[in-house]
């Protein structure tokens, strides 16, 4: 049955997501010896304000650093 | 407590989703003997490039066949 | 694709879980017009110390009340 | 490892979500004695037609009551 | 961030699960261009009565066929 | 509605889990301004071979280092 839920930051193209799904399916069929037809993959994309490590959103931090850099560059 | 997460392809109307939630709630209260108030259902909708069977997205495949058919029809 | 994850308190029999899965599948095929073969249901069971409402575990509370009652009965 | 998936009704600001993630991370590090860096939080937002209690969507019910009130007010 | 939840039927060895996790991680780093350190995989195992396709548990069905065969063999 | 699924390595006591659930619920009610009764927390515990970072299970790695240390100690 392998059913996989993959959480990603938003921003990947359809090609990247399809490529990842294909590669993961192959990894599972090879390592677990199951038929490809039994592998289902669900992708859920998250925006910047929807993922936190240590209570901080890496995507928002990056924006804010980029903003700071930009600001510095403007000086 | 039954808490249900239901993953669906996007595209259903509010009426269809409400109807499904109502029918599932009745199915659970009847089969498990729990109070309706204890049943919670969360729906997460997925776009075409977010669901894969055997490493292929059925929704994208359908589009691409439709595209091919369309192309053929144009010939 | 409907893929359903159902969280339950542990303690149901195989017959109850099978009955619920059958009833939910019928509810989905009827309300959403999908084929039964496309409906997948995953059940995850949780023990008493793994489910909380308002920060309190209903199952542990029940035990503790039962324990208190029992204690009272013992007095 | 604590990995947390939090399901919310949509409509919170980035500040509210960041604030919740920070507060939850502190609650976990304090109560479980894990490092903040090991705590990951994923937020998934749901629209009104994607959450049901007892087979009814609280958000849609609220709209419909608001609609009825509005209608009444219009009379 | 890729965070993956993989649902499996119970019964795999630690080696099989480790092998699958390693293969999936490589598939993701290669296809999405992320660092291996950012990939987290959670496995949840399900027993026979916890997975249903079309309202029927494949694992229980298999047992029941095996039981019938066994019974036949006993005749 | 906040519904929280928290994935933990197994091994915490009921007191630790209850304490975490209580602390998280307070963190959510304070930061999001929702009623405690609307907060539901589900805990899923994972064994050593069910959680991987960069394709390696931290718990198994720890065991194997402990095993190596033990072996060294035995020499």
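Residue numbers (the UniProt record's numbering), protein chains in the order written: chain W, 1 to 75; chain Y, 1 to 75; chain D, 1 to 75; chain A, 1 to 75; chain P, 1 to 75; chain E, 1 to 75. Where a beta carbon is used, it is the ideal one built from N, C-alpha and C, also for glycine.
For a contact meaning CB atoms closer than 7 Å, what does residue i contact in chain D?
| i | result |
| --- | --- |
| residue 19/Y | 31 |
Kindly indicate the opening and closing residues of the alpha helix (DSSP H) around residue i.
| i | result |
| --- | --- |
| residue 76/A | Because residue 76/A is not part of the residues shown, which for chain A are 1 to 75, the question remains open. |
| residue 5/E | Run containing residue 5/E: none in the alpha helix (DSSP H); it sits in the beta strand (DSSP E), 3-9. |
| residue 21/D | 14-32 |
Taking 6 Å as the cut-off, is the CB of residue i close to at least one heavy atom of the ligand ATP?
| i | result |
| --- | --- |
| residue 31/A | As far as ligands go, the structure on display features none, and thus does not contain the ligand ATP. |
Name, please, each residue of chain P whose Cβ falls closer than 9 Å to the Cβ of residue i.
| i | result |
| --- | --- |
| residue 39/D | 52, 53, 54 and 55 |
| residue 62/D | None at all; the shortest Cβ gap to chain P is about 24 Å. |
Could you work out which residues of chain Y lie near residue i, taking near to mean beta carbons separated by less than 8 Å?
| i | result |
| --- | --- |
| residue 16/D | 31 and 32 |
Report the CB separation of residue i from residue j in whole angstroms; it is logged as a contact under 8 Å.
| i | j | result |
| --- | --- | --- |
| residue 42/D | residue 4/D | 7 Å |
| residue 24/Y | residue 21/D | At roughly 11 Å, the Cβ-Cβ gap does not stay under 8 Å, so residue 24/Y and residue 21/D are not in contact. |
For residue i, which residues in the same chain have their Cβ closer than 7 Å to its Cβ, ignoring the five residues on either side in sequence?
| i | result |
| --- | --- |
| residue 16/P | none |
| residue 60/Y | 48 and 49 |
| residue 7/D | 44 and 46 |
| residue 57/W | 48, 49 and 51 |
| residue 34/D | 2 and 28 |
| residue 14/E | none |
Residues bridged to residue i by DSSP?
| i | result |
| --- | --- |
| residue 56/D | 53/D |
Leaving out the 5 sequence neighbours to the left and right, which residues in its chain are closer than 6 Å to residue i when beta-carbon positions are compared?
| i | result |
| --- | --- |
| residue 40/Y | 3 |
| residue 29/Y | 36 |
| residue 10/W | 45 and 47 |
| residue 54/A | none |
Using a C-beta to C-beta distance shorter than 8 Å, which residues of chain W count as neighbours of residue i?
| i | result |
| --- | --- |
| residue 26/A | 55 |
| residue 36/A | 54 and 55 |
Counting only the same chain and skipping the five closest in sequence on each side, list residues whose C-beta sits under 8 Å from that of residue i.
| i | result |
| --- | --- |
| residue 74/A | Reliability of the predicted coordinates at residue 74/A is poor, the pLDDT of 46 falling under 50, and the value obtained from them is presented with this limitation in mind. Within the same chain, residue 74/A has no close Cβ partners at all. |
| residue 38/W | 1 and 2 |
| residue 63/Y | 48 |
| residue 19/D | none |
Could you name the residues of chain P that residue i contacts, counting a contact when the two beta carbons are closer than 7 Å?
| i | result |
| --- | --- |
| residue 23/W | 27, 30 and 31 |
How would you list, in chain order, the residues of chain E whose beta-carbon sits under 8 Å from the beta-carbon of residue i?
| i | result |
| --- | --- |
| residue 49/D | 14, 17, 18 and 43 |
| residue 3/Y | 3, 40 and 42 |
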